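*Asks:* Number 74 in the numbering used here belongs to position 74 of the sequence shown; there are no gaps in the numbering.
Handing you a structure now.
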Amino acid sequence: MSPQPQLPILARDLITRVQEAAEHWSRRIRNSVDAVEIGQFRHVDHANAHFLELVLAEHGWPGHRLVGVDGCRAAWRIALHADRFDLQRAAAHLLHRAVAEDDAPAWQWAHLQDRTLIMGAQAQEWGTQYRITPTGVHRCPVREPAGLDTRRAAVGLPPAAIAMAALLDRLAVSRQAADPTDGVDALLLLAGAA
1 MSPQPQLPIL
11 ARDLITRVQE
21 AAEHWSRRIR
31 NSVDAVEIGQ
41 FRHVDHANAH
51 FLELVLAEHG
61 WPGHRLVGVD
71 GCRAAWRIAL
81 HADRFDLQRA
91 AAHLLHRAVA
101 EDDAPAWQWA
111 HLQDRTLIMG
121 AQAQEWGTQY
131 RITPTGVHRC
141 PVREPAGLDT
151 RRAAVGLPPA
161 AIAMAALLDR
171 LAVSRQAADP
181 TDGVDALLLL
191 AGAA
């Protein structure tokens, strides 16, 4: 049994924000939103990113001791969806420190670090980031692909092929091609599947 978080109200705030945003994240991935909803969703993501920025400034990374396992995961999901390079880079740095202090899981840091690498136009390390295009689901470029599964195992991620199969199952698409997205590349991040 894990101990009670030091700041249960902050944990509840983080979890509530993610619960409220989760449906729009899912609908955006499925490309089933109109222009008005996209604007509303961006506003939610911006507000959540601003909230997380304040949390990071006051507390550092909200790890297991501060906000519990669920609160830590919620903070990580907010950081992933922030799509603000400066915030994601700062959050990845603080999350890495929390991992070193055994206050957060390494796989969360790997996802966020990959996201910052892709956002910075670099190859990712752990293969957690994907693009959906009219031709299918594609893993974003990976540094040294031959060592990918070894790096993934080191941070607690499943092998890349298993992650891709889970992602495709989650998206409910065929293994041959994803649903068309009107010719627009969309950066896709599914935290639980990769």
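Quick reminder that beta carbons are idealized off the backbone N, C-alpha and C, glycines included.
Just so we're clear, the structure is a prediction, and the values are computed from it rather than from any experiment.
For P141, collect the residues of the same chain with a Cβ closer than 6 Å to its Cβ; drop the 5 residues on either side in sequence, then sort them by chain order.
*Replies:* Hits under 6 Å: A123.
*Asks:* Which whole-angstrom value is the C-beta distance of A196 and L95, which I expect to be below 8 Å?
*Replies:* This structure leaves residue 196 out entirely; the chain is present only between 1 and 194.
*Asks:* How many Å lie between R115 and L167 at the Cα?
*Replies:* Roughly 16 Å between the two C-alpha positions.
*Asks:* Assuming A49 and I15 are in contact, meaning their beta carbons sit under 8 Å apart, how far apart are those beta carbons, in whole angstroms?
*Replies:* About 16 Å separates the two Cβ atoms, so there is no contact after all.
*Asks:* To the nearest angstrom, report how far apart A186 and A21 are at their CA atoms.
*Replies:* Model confidence at A186 stands at a pLDDT of 43, short of 50, so the residue's coordinates are unreliable; what they give is reported in the following sentence. Spanning the two alpha carbons is a distance of roughly 18 Å.
*Asks:* Compare the Cα-Cα distances from E125 to each of L148, V137 and P134 and report the closest residue.
*Replies:* Out of L148, V137 and P134, L148 has the C-alpha closest to the C-alpha of E125.
*Asks:* Alpha carbon to alpha carbon, what distance is there between Q19 and P145?
*Replies:* Whole-angstrom Cα-Cα distance: 34 Å.
*Asks:* Measure from the alpha carbon of R73 to the alpha carbon of each residue in D45, L54, F85 and R12, then state which is nearest.
*Replies:* Per the Cα distances, R12.
*Asks:* Output the distance between the C-alpha atoms of G71 and A91, rounded to the nearest integer angstrom.
*Replies:* The alpha-carbon atoms of G71 and A91 are separated by roughly 15 Å.
*Asks:* Taking all protein chains shown into account, do 16 or more other C-beta atoms lie within 10 angstroms of the C-beta of T150, making it buried, or fewer, making it exposed?
*Replies:* With fewer than 16 Cβ atoms within 10 Å of its Cβ, T150 is classed as exposed.
*Asks:* How many Å lie between P3 and I9 at the Cα?
*Replies:* About 15 Å.
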